[in-house]
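Just so we're aligned: 196 in my numbering is position 198 of the first sequence, and the numbers increase by one with no gaps anywhere. Working notes, beginning with the structure itself.
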Amino acid sequence: MSEEENQYIQQRRAKLAEYRALGINPFPRGMKPTHTARDILTTYESHDGDALTKVTQNFSVAGRIVFHRAFGKAAFLKLRDRSGEIQIYIQHQAVGDELFKFYKMLDVGDFLLAEGTLFRTKTGELSLHVTGFRLTSKALQLLPEKWHGLADVEQRYRQRYVDLIANPKVKEIFRARSQTVQAIRDFLIARDFLEVETPMMHPIPGGAAAKPFITHHNKLDMDLYLRIAPELYLKRLVVGGLERVFEINRNFRNEGISIQHNPEFTMLEFYQAYGTHEELMELTEQMFADVATKVLGKTTVTYQGTEINLAPPYRKLTMKEALVEVGGCDPAILTDKKKAVAYAAKLGDTLKTKNEGLGAILTEIFELTCEKKLMQPTFIHGYPVEVSPLARRSDTDPEIADRFELYIYGREIANAFTELNDPEDQAARFHAQAEALFKGDDEAMHYDDDYVTALEYGLPPTAGEGIGIDRLVMLLTDAPSIRDVILFPQLRKKE
RNA sequence: GGGCCGCUAGCUCAGUCGGUAGAGCAUCGCCCUUUUAAGGCGUGGGUCCCGGGUUCGAGUCCCGGGCGGCUCACCA
-1 MSEEENQYIQ
9 QRRAKLAEYR
19 ALGINPFPRG
29 MKPTHTARDI
39 LTTYESHDGD
49 ALTKVTQNFS
59 VAGRIVFHRA
69 FGKAAFLKLR
79 DRSGEIQIYI
89 QHQAVGDELF
99 KFYKMLDVGD
109 FLLAEGTLFR
119 TKTGELSLHV
129 TGFRLTSKAL
139 QLLPEKWHGL
149 ADVEQRYRQR
159 YVDLIANPKV
169 KEIFRARSQT
179 VQAIRDFLIA
189 RDFLEVETPM
199 MHPIPGGAAA
209 KPFITHHNKL
219 DMDLYLRIAP
229 ELYLKRLVVG
239 GLERVFEINR
249 NFRNEGISIQ
259 HNPEFTMLEF
269 YQAYGTHEEL
279 MELTEQMFAD
289 VATKVLGKTT
299 VTYQGTEINL
309 APPYRKLTMK
319 EALVEVGGCD
329 PAILTDKKKA
339 VAYAAKLGDT
349 LKTKNEGLGA
359 ILTEIFELTC
369 EKKLMQPTFI
379 HGYPVEVSPL
389 ARRSDTDPEI
399 ADRFELYIYG
409 REIANAFTEL
419 NDPEDQAARF
429 HAQAEALFKG
439 DDEAMHYDDD
449 YVTALEYGLP
459 PTAGEGIGID
469 RLVMLLTDAP
479 SIRDVILFPQ
489 LRKKE
C-alpha cells in the first residue's frame, strides 16, 4: 500500500503541512470567481493599455496554474479554467510581504483564485494585476512538461485526467463529441422523435450478430447479457405506439479490440413508423451534413489526409454493383455459388460454416474487396436476406433485404433497413439463426419468443437505423483511433 | 490469438562494441519587478517494466513473463 514517494510529492506534502500549521485550509470550499478567463478576454479584447487603466473594476478568476515564470520580486502565472487561460501578474510591491510568501509556496498544478485589475503587458497580453489571491486546491503531483505534453499513449488512456491537462487538443475532441451527440439529438427531436432508454441487461441477447458479455443477477439467480444492440426493444416500443423513437447509448460486444473497436461503444438507433430504408438514406445525408455544419461549420472534413465531402447526395450502389465496379470482381460470381466460393478462397477467405449460401459468400467478398475502397460516403444496398435476419424482404427479390449500410473512409458507419414486421417470417429467420447458433456460430442470434409475440400484436411498416457514434466522432475530429474519442477506453489491468 | 515495434529521472528522449546512468524541461537553492520555450549560476533526483540466464561485468546479449502501440484474423 505505502509506496515510496518521489522527492516532488514529498516537497509538496511539506507545503500542505505548512498551510495546515498556519491554520489555512489548502482545500477550502466554494471560492467562486466573478469572471471566467473568456469573459475577461473577450470583453476587453479591443482595449489597449490606456483604455484598461480607466477600467477600475476588480475582477476575480479561478483556475489551475498551468504556467509560472518568476523574476525575483514579481511573477507571471497562467490560470486555466473551463473557458480558457488568462495570465496573472503577481508583484511583491502590489501584494505585500505576507501574500508574496504564499506566492512562493505555489506550484504549477495548484488551483488558485486571484483578484485584481486589468492591464496589458509590454508585449500586449491582457493580464490580471493581482491584488489578492487564495489557494483553492493544492496539487501534489507534477504535471507533464509543457511543450511535448504527455506522449505516452498508455498513460494518456489510463490517466485521461492528466492527458486532458497536458494536451489541449484532447479537450477539443471531447467537446466535439458532445456537440455531435447534441446535434443528433436536436435533429431527431425536431423531427418528432422521442428519446428513450431501454435495458442494458438483456435476458436474451439480440438485435445484432455479436458475442455478448454475460453477467449474473444474484437475487433473481439468472444470467443476463450486456446488450449488443437495443434494436428489439426499440421496435417493441413502435409496436406500443411510440412511432418515432431513438436511443443514444452504449452497446457491449465481447470481441476484439482494435483501432476501430472498443468493447463498449456508443450507438444511435432510431426507428420511424411508415418510413422506408430509402427515406432513411436521405435522412442520414441530411443528418450528417447538419451535424458537420454544427460541429465543424462546414460539410467537408479532412480525415487522415483525405478530404471527405459530407454534403448530400451520397453515392448509392447495390452490393452486386459494388462487387463489379468497386471490387473489380468477375460478374460470374454474382450468380454462381461455386465460382463465388472459389473466388473467396482465392482472396484467402475462410468461410465461417460450410452451410453459407451465395448471399453470405458475396457479402464476405464485398467486405474483402470493396469496403476499404469506399472513401467518400456511399450507401450500399441490396444486401442478401441471409445476412439480414431482422430486415424486410424486398418486394422485387425475396432473397434481397430492404437494407443499406453507409460507408465512409472504408468504414461501416451506419446500418439501416425497412424492418421485418411479418411475425411468421421473423420466427422462421430466428429458427435459422438458432440453428446456426447450435451448430457453433457464437455470433448467431438467439430465438426471442417475446419479440415474435410483439410482432404478432402488429408492428406498423417501419424503417430503422443504427449509427456508430464513436466512428462518426472519429471522422469529425480526424482521430485515427477509437480510443481517441472514448474518454476511458478499455485496457488491461495494470500490475 | 499470430507477426512487428516500444517500455531508461515527474515529462520528452539519448545511451555507440557488454565496461562508473545521460540531456532538455520540470524540481530545489541563489540572482533577477512586464515574461511568452525568459536569462544566468548552482543542486538533488533512477526498481533502466518484471523474473531468470550467459558473463569478471548486462540498460545493452539470450530465455520467459507483463503492459502498451501498430497490424492480420473477427467485428460496428
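Glycine is no exception: its CB is placed at the ideal position from the N, C-alpha and C atoms.
Taking the alpha carbon of residue i as the reference point, which residue from the options has its own alpha carbon closest?
i	options	result
Arg469	Ala174, Gly82 and Gly147	Ala174
Lys318	Gln270, Leu356 and Thr304	Leu356
Met265	Arg390, Lys335, Gly466 and Phe250	Gly466
Asn307	Leu372, Ala92, Thr367 and Gln270	Leu372
Thr119	Tyr101, Leu141 and Ile88	Ile88
Ala92	Trp145, Thr416, Gln258 and Ala72	Ala72
Trp145	Phe65, Asn413 and Tyr159	Phe65
Val194	Val168, Asn247, Glu170 and Leu218	Asn247
Glu410	Gly464, Ser386, Arg391 and Pro421	Gly464
Met198	Asp395, Phe250 and Thr394	Phe250
Evaluate residue i with the Cβ neighbour count: other Cβ atoms within 10 Å of its Cβ, from every protein chain shown; 16 or more gives buried, anything less gives exposed.
i	result
Leu489	exposed
Phe436	exposed
Tyr272	exposed
Ser0	Any reading at Ser0 must be qualified, since the residue scores a pLDDT of 33, below 50, and its modelled position is unreliable; no value is offered.
Lys76	buried
Pro382	buried
Arg481	buried
His214	exposed
Val151	exposed
Ala399	buried
Phe185	buried
Leu443	For clarity, residue 443 is Met in the given sequence; the question names Leu instead. By the neighbour-count rule (16 or more Cβ atoms within 10 Å), Met443 is buried.
His127	buried
His275	buried
Gly28	exposed
Pro329	exposed
Phe402	buried
Phe69	exposed
Asp161	buried
Gln5	exposed
Met220	exposed
Leu281	buried
Ala12	exposed
Since residue i and residue j are thought to touch, with beta carbons under 8 Å apart, how far apart are those beta carbons, to the nearest angstrom?
i	j	result
Ile363	Lys335	The pair is not a contact, with the Cβ atoms about 12 Å apart (cut-off 8 Å).
Lys314	Met279	7 Å
Ala290	Leu474	7 Å
Ala209	Asp440	The amino acid at residue 209 is misidentified as Ala; the sequence shows Lys. Correct: roughly 6 Å between the Cβ atoms.
His379	Thr316	6 Å
Glu369	Tyr312	That belief does not hold up - the Cβ atoms of Glu369 and Tyr312 are roughly 16 Å apart, past 8 Å.
Ile257	Ser479	5 Å
Pro458	Val236	7 Å
Can you tell me which of the three DSSP states residue i falls into?
i	result
Tyr407	coil
Ser135	strand
Asp221	strand
Thr304	strand
Gln157	coil
Thr51	helix
Pro166	helix
Gly94	helix
Ser0	Note that Ser0 scores 33 on pLDDT, short of 50, meaning its location in the model is unreliable; the coordinates nonetheless yield the value given after this. Correct three-state label for Ser0: coil.
Arg234	helix
Ile495	Residue 495 is absent from the model: the chain starts at -1 and stops at 493.
Met199	strand
Asp184	helix
Ala412	strand
Ser479	coil
Thr264	strand
Asp400	coil
Tyr445	coil
Ile7	helix
Phe486	coil
Leu435	helix
Ile226	coil
Lys296	coil
Looking at residue i and the ligand SAH, is the gap between the Cβ and the nearest heavy atom below 8 Å?
i	result
Val383	By its list of ligands, the structure shown contains no ligand whatsoever, and the ligand SAH lies outside what it can speak to.
Can at least three beta-carbon pairs, one atom from the stretch 216 to 229 and one from the stretch 195 to 206, be found at a separation below 8 Å?
-> Segments in contact, yes.
Do the stretch 450 to 458 and the stretch 247 to 267 meet, that is, are 3 or more Cβ pairs less than 8 Å apart?
-> Contact between the stretch 450 to 458 and the stretch 247 to 267 is absent, because fewer than three Cβ pairs lie under 8 Å.
Is there contact here, the stretch 130 to 141 with the stretch 38 to 55, by at least three beta-carbon pairs under 8 Å?
-> Output reads no: the stretch 38 to 55 does not touch the stretch 130 to 141.
Segment contact flag, the stretch 137 to 144 with the stretch 97 to 109, C-beta cutoff 8 Å, min 3 pairs = A contact exists between the stretch 137 to 144 and the stretch 97 to 109.
Cβ contact (3+ pairs, closer than 8 Å) linking the stretch 235 to 242 and the stretch 188 to 202 = Counting C-beta pairs closer than 8 Å gives three or more between the stretch 235 to 242 and the stretch 188 to 202, which meets the contact rule.
Should the stretch 59 to 73 be regarded as contacting the stretch 23 to 37, the criterion being three or more beta carbon pairs within less than 8 Å?
-> Enough Cβ pairs lie closer than 8 Å, so yes.
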